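Structure first, then comments.
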Amino acid sequence: AQSVTQPDIHITVSEGASLELRCNYSYGATPYLFWYVQSPGQGLQLLLKYFSGDTLVQGIKGFEAEFKRSQSSFNLRKPSVHWSDAAEYFCAVGAWSYKYIFGTGTRLKVLA
Amino acid sequence: KAGVTQTPRYLIKTRGQQVTLSCSPISGHRSVSWYQQTPGQGLQFLFEYFSETQRNKGNFPGRFSGRQFSNSRSEMNVSTLELGDSALYLCASSLGEATNEKLFFGSGTQLSVL
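Chains as they are written, first to last, in my numbering: chain A, 1308 to 1419; chain B, 7 to 120.
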């Protein structure tokens, strides 16, 4: 069955530190992969997506993600976190029949 | 370009009642999908509509239903509300031509069932 796993429910980092949020997926074919961010009281906003080509994908707000087929992973990274990055982050896979499957999310807290 | 609009923003209902939520997609988008978001569960897919037809449905009971109108606006209805239906309901719109598309989300309707 298709699924997305985000093993970290909460992550706390200091401002200026690097960040890596983990995402593992289960999908039979080449997946379409996404990272979305949700600020409090808001809907989700797309950070980046992967569906072919270069496995290192650049997104908005200085985020990047790397697709590793052998590990079924699509981890999100940022070299230096800003206080405004505090939010909830969701990994998703675009599955068959126009359905998107989301992970349970990782809530990021940034310490000043 | 106006974003995805969901109304109302907040709803408080009691058990057994029914509720209708509305979603207006971005102009030109023909696909509207609905998700239920609860703490610890992430986003659970409810259903997706494209050109007034339901193309896919998640694993929710028949109390959850939806429809889409000719102008692509969509409504979802929950009948016989239960306490467990308390959640943030998000809708998202897209062109609807492939699952490598960006989804545009509304801010959601926060439903509280008492």
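Built from N, CA and C at the ideal position, the CB exists for glycine as well. Here the structure is a predicted model, which is why all the values come from computation and not from measurement.
Within-9 Å CB hit, B/S113 to chain A: yes
One or two residues paired with A/W1342 in a DSSP bridge: When DSSP reads this structure, A/W1342 sits in a beta bridge with A/L1355 and A/C1398.
Unbroken beta strand (DSSP E) run spanning A/I1367, endpoints: Careful: A/I1367 lies outside any beta strand (DSSP E) and carries neither H nor E.
Unbroken beta strand (DSSP E) run spanning B/W40, endpoints: S37 to T44
Given A/G1335 as reference, the closest of A/D1361, A/S1377 and A/L1354 once Cα atoms are compared: A/S1377
Helix, strand or coil at B/S99 [DSSP, three-state]: strand
Bridge partner(s) assigned by DSSP for A/K1385: A/L1326
Beta-carbon proximity list for A/I1318, same chain, < 8 Å, skipping 5 on both sides: The residues L1326, L1328, T1413, R1414, L1415 and K1416, in chain order, have a CB closer than 8 Å to that of A/I1318 in the same chain once the five nearest residues on each side in sequence are set aside.
DSSP state of A/S1391 mapped onto helix, strand, coil: helix
Span separating the alpha-carbon of A/S1391 from that of B/G112: 21 Å
Nearest neighbour of A/A1393, chosen from A/Y1339, A/V1311, A/Q1345 and A/P1338 [CA to CA]: A/Q1345 is the residue among A/Y1339, A/V1311, A/Q1345 and A/P1338 whose C-alpha sits nearest the C-alpha of A/A1393.
beta-carbon B/F111 near the ligand SAM non-hydrogen atom, thresh 8 Å: The ligand SAM is absent from the structure shown, which contains no ligand whatsoever.
Test: A/I1318 CB closer than 9 Å to a CB of chain B: It does not: the Cβ of A/I1318 has no partner Cβ on chain B nearer than 9 Å.
Assigned exposure category for A/F1374 - 16 Cβ within 10 Å defines buried: buried
Where A/F1358 meets chain B, residues with beta-carbon distance less than 7 Å: Within chain B, the residues N106 have their CB atoms less than 7 Å from the CB of A/F1358, given in chain order.
Selected residue, minimal CA-CA separation from B/S87, among B/E81, B/S76, B/G68 and B/N77: First, the residue type needs correcting, since residue 87 of chain B is Leu and not Ser in the sequence shown. Taking only the C-alpha atoms, the option nearest B/L87 is B/G68.
Contact set for B/R79: own chain, Cβ-Cβ below 6 Å, skip 5 residues either direction: S30
Interface flag, B/G90 vs chain A, CB-CB below 9 Å: Not one beta carbon of chain A lies nearer than 9 Å to the beta carbon of B/G90.
Cβ of A/S1407 within 9 Å of any chain B Cβ: The sequence given here places Tyr at residue 1407 of chain A; Ser does not occur at that position. Yes, A/Y1407 counts as interfacial toward chain B.
Interface residues of chain B facing A/S1404 [CB-CB closer than 7 Å]: Within chain B, the residues near A/S1404 are R61 and N62.
Beta-carbon proximity check, B/V84 vs B/L120, cutoff 9 Å: no
CB of B/A93 within 9 Å of CB of A/L1351, strictly: Between B/A93 and A/L1351, the C-beta spacing is not below 9 Å.
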